[in-house]
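Residue numbers (our numbering): 1 to 490.
The beta carbon of each residue, even a glycine, is placed where N, CA and C say it ideally should be.
I have placed the structure first, in the form of structure tokens, so that the comments after it can refer back to it.
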Amino acid sequence: MVPHDILINWTPQETRVAIIEQGAVQEVLLERALERGLVGNIYLGRVQRVLPGMQSAFIDIGLERTAFLHVADLMPQIAARHAAGREAEATPPIERQVFEGQSILVQVLKDPIGSKGARLTAQISIAGRLLVFLPQDDHIGVSQKIPHAQREELRQRLQRLAGEGGGGFILRTNAEDASDDELREDIAYLRKTWAHIRARALHEPPPALLYEELNLAQRVLRDLAGPLTRSIQIDAREQFVALQAFAQEYTPQVLERLTLYRGERPIFESYHVDEEIQRALGRRVELKSGGYLVIDQTEALTTIDVNTGAFVGARNFDDTVFRTNLEAAQAIARQLRLRNLGGIVVIDFIDMVRADHREAVLAELRKQLARDRVKTMVGGFSQLGLVEMTRKRTRESLSQMLTEPCAACQGRGRVRTTRTVCYDILREILREARAFNPREFRIVAAPQVVECFLDEESQHLAGLSDFIGKPISLQSDSAMTQEQYDIVLL
1 MVPHDILINW TPQETRVAII EQGAVQEVLL ERALERGLVG NIYLGRVQRV LPGMQSAFID
61 IGLERTAFLH VADLMPQIAA RHAAGREAEA TPPIERQVFE GQSILVQVLK DPIGSKGARL
121 TAQISIAGRL LVFLPQDDHI GVSQKIPHAQ REELRQRLQR LAGEGGGGFI LRTNAEDASD
181 DELREDIAYL RKTWAHIRAR ALHEPPPALL YEELNLAQRV LRDLAGPLTR SIQIDAREQF
241 VALQAFAQEY TPQVLERLTL YRGERPIFES YHVDEEIQRA LGRRVELKSG GYLVIDQTEA
301 LTTIDVNTGA FVGARNFDDT VFRTNLEAAQ AIARQLRLRN LGGIVVIDFI DMVRADHREA
361 VLAELRKQLA RDRVKTMVGG FSQLGLVEMT RKRTRESLSQ MLTEPCAACQ GRGRVRTTRT
421 VCYDILREIL REARAFNPRE FRIVAAPQVV ECFLDEESQH LAGLSDFIGK PISLQSDSAM
481 TQEQYDIVLL
């Protein structure tokens with residue numbers, strides 16, 4: 001593994017994190033204040049109303065609207081037995097479990113939407129990097145996504161590590177290959193967090209926020225900072241002090257590497273992170289040798305095409321192709337992390353005649369992907385010369401977070417030509433002339449479409465006007481895109 005540095009750029013509206021390895025940006029993480037929800041937050045609430053007819057209660061947790069708690073979210077033991085398919089006693093009605101004015105510990109399951117309040121549960125769970133802690137239960141579980149053959153072994157291992165400290169745990173998918181030390185650290189962190197929540201619940205009057213899901217900067221200290229982290233720099237003094245307090249309490253091993261950035265230039269500008277983000281939103285990635293990649297992200301998969309471009313520096317064509325593919329393998333692994341591309345990825349390397357060249361390129365790709373925190377699987381070359389691989393989806397890609405489909409082309413990446421739009425307009429006028437009898441037709445369109453009608457298509461426009469026996473006038477509207485137009489009947 002390679003040593004790395006972590007940069008944190010904080011503003012009130014957005015937090016951005018960049019991971020730098022060997023002087024190059026490898027990963028970018030974003031969190032926006034307005035997009036952070038309440039799911040996972042734990043509150044000490046007060047029961048405001050109990051509704052026996054709905055078997056629900058409204059809980060005041062200090063928000064604008066009271067939150068909603070159903071009887072099914074009150075009893076973890078009964079819910080667990082139902083989930084296991086065993087016979088369970090009837091759930092006591094909600095009016096026998098809670099009463100108005102009662103203080104109750106609850107967690108947000110669903111954010112408030114429109115006029116509806118938040119949905120709550122009394123079955124608390126706290127997510128860590130590798131585990132989910134169930135403080136009110138003693139269940140030891142393993143993610144269903146982990147192969148069945150490994151689950152029992154992992155369950156016994158987790159049971160041994162959890163010891164007698166109380167509570168249950170669920171091993172998350174990304175903990176499949178975790179070491180005992182990593183699991184112990186996560187167990188200790190989760191139990192400490194729960195002890196802190198309980199202590200606050202005893203001293204604070206309801207309604208009170210007892211635990212808030214960690215923000216991005218805190219998750220960086222918990223999940224990303226490790227023995228290979230050389231430095232963690234943040235550019236906001238107030239957040240630096242808050243992170244110091246968090247690290248002192250929960251991750252003391254990284255405290256000495258946390259520093260306040262004092263440079264005159266913005267932190268992301270100093271390390272050229274903004275330039276890398278801008279380049280990562282484009283399709284084309286230039287290689288140092290003169291070759292390039294073309295990356296296309298679709299809903300089903302991502303395709304990466306490798307091209308030699310201007311690279312002609314090797315002694316023969318085979319050598320040129322091999323060197324370009326080797327450099328491309330390194331660049332592809334980096335781009336997958338930087339853009340956070342997940343799901344199926346199909347790579348079209350330049351065709352190689354020699355089998356040893358193909359094996360060397362595959363080995364280089366696997367070596368570079370081994371540095372990725374996200375799980376990847378790589379197949380060999382197919383009969384068509386393509387390499388298929390998968391990378392686990394963990395969150396939205398960088399492009400999905402920062403961009404939206406173009407209003408002009410609806411995300412196609414191409415627009416109809418002015419001539420195509422002109423012919424669409426002529427056909428529509430012909431249809432309208434058969435159905436209506438206006439004094440005049442007026443075309444309102446983008447300037448380039450109007451110009452096409454006045455120049456190249458003027459003969460066809462005049463011919464249609466003669467055919468329908470009505471004048472056709474033109475009006476330019478610079479606010480319209482090339483594909484937009486209106487036909488006004490006067």
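The region 389-398 touching the region 348-356, judged by at least three CB pairs closer than 8 angstroms: Result no; under three Cβ-Cβ pairs closer than 8 angstroms.
Counting pairs of beta carbons, one from the region 168-181 and one from the region 126-134, are three or more of them closer than 8 angstroms? yes
Here's the rule: buried if 16 or more other CB atoms are within 10 angstroms of the residue's CB, otherwise exposed. What is Ser458? exposed
Find the nearest neighbour of Asp351 within the set Leu336, Gly379, Phe317 and Thr376, judged by alpha-carbon distance. In this structure, Phe317 is the residue among Leu336, Gly379, Phe317 and Thr376 with its C-alpha nearest to the C-alpha of Asp351.
With a Cβ-Cβ cutoff of 9 angstroms, do Leu134 and Gly101 count as a contact? no
Cα separation between Leu369 and Asp181? Cα atoms of Leu369 and Asp181: separation of roughly 24 angstroms, rounded to the nearest angstrom.
Taking Asp305 as the reference, give the member of Arg284, Arg414, Phe453 and Leu30 with the closest Cα. Put simply, of Arg284, Arg414, Phe453 and Leu30 the residue whose alpha carbon is nearest the alpha carbon of Asp305 is Arg284.
Alpha carbon to alpha carbon, how far is Asp137 from Gly37? One alpha carbon belongs to Asp137, the other to Gly37, and they sit about 26 angstroms apart.
Count the other CB atoms, across all protein chains shown, that sit within 10 Å of the CB of Phe441; report buried if there are 16 or more and exposed otherwise. buried
Would you mind reading off the limits of the beta strand (DSSP E) that contains Gly379? Gly379 -> beta strand (DSSP E) spans Thr376 to Phe381.
Are Ile8 and Gln278 closer than 9 angstroms when you measure CB to CB? no
Please say whether Ala24 and Glu276 have beta carbons closer to each other than 9 angstroms? In contact: Glu276 and Ala24 (Cβ atoms closer than 9 angstroms).
What is the DSSP secondary structure of Phe169, counted as helix, strand or coil? strand
Three or more C-beta pairs below 8 angstroms linking the region 97-113 and the region 40-55: yes
Pro471 versus Cys452 - alpha carbon distance: 18 angstroms
Taking only the alpha-carbon atoms, compute the straight-line gap between Val346 and Gly380 and give it to the nearest angstrom. 11 angstroms
Along the chain, where does the alpha helix (DSSP H) that runs through Asp486 open and close? Where Asp486 is concerned, there is no enclosing alpha helix (DSSP H), although the beta strand (DSSP E) it sits in stretches over Tyr485 to Leu489.
Taking Thr376 as the reference, which of Phe349, Ser179, Cys422 and Lys367 has the closest Cα? The option with the nearest alpha carbon to Thr376 is Lys367.
Range of the contiguous alpha helix (DSSP H) that encloses Ala479: Ala479 -> no alpha helix (DSSP H), and no H or E assigned at all.
Measure the C-alpha to C-alpha separation of Met389 and Ile6 and round it to an integer number of angstroms. Rounded to the nearest angstrom, the two C-alpha atoms are 28 angstroms apart.
Determine the extent of the alpha helix (DSSP H) in which Ser125 is found, giving its start and end residues. From DSSP, Ser125 is part of no alpha helix (DSSP H); its letter is neither H nor E.
If I follow the unbroken beta strand (DSSP E) through His357, where does it start and stop? His357 -> not in any beta strand (DSSP E); alpha helix (DSSP H) instead, spanning Ala355 to Leu369.
With DSSP as the reference, label Gly85 as helix, strand or coil. Residue placement at Gly85 cannot be trusted, given a pLDDT of 48 that sits under 50; what the coordinates show is reported in the next sentence. Gly85: coil per DSSP, three-state reduction.
At least 3 beta-carbon pairs within less than 8 angstroms: the region 110-117 vs the region 56-69: yes
Reducing DSSP to helix, strand and coil, say where Phe441 ends up. In this structure, Phe441 counts as strand in the three-state DSSP scheme.
Consult DSSP for Ser397 and reduce its assignment to one of helix, strand or coil. Note: Ser397 maps to coil in three-state DSSP.
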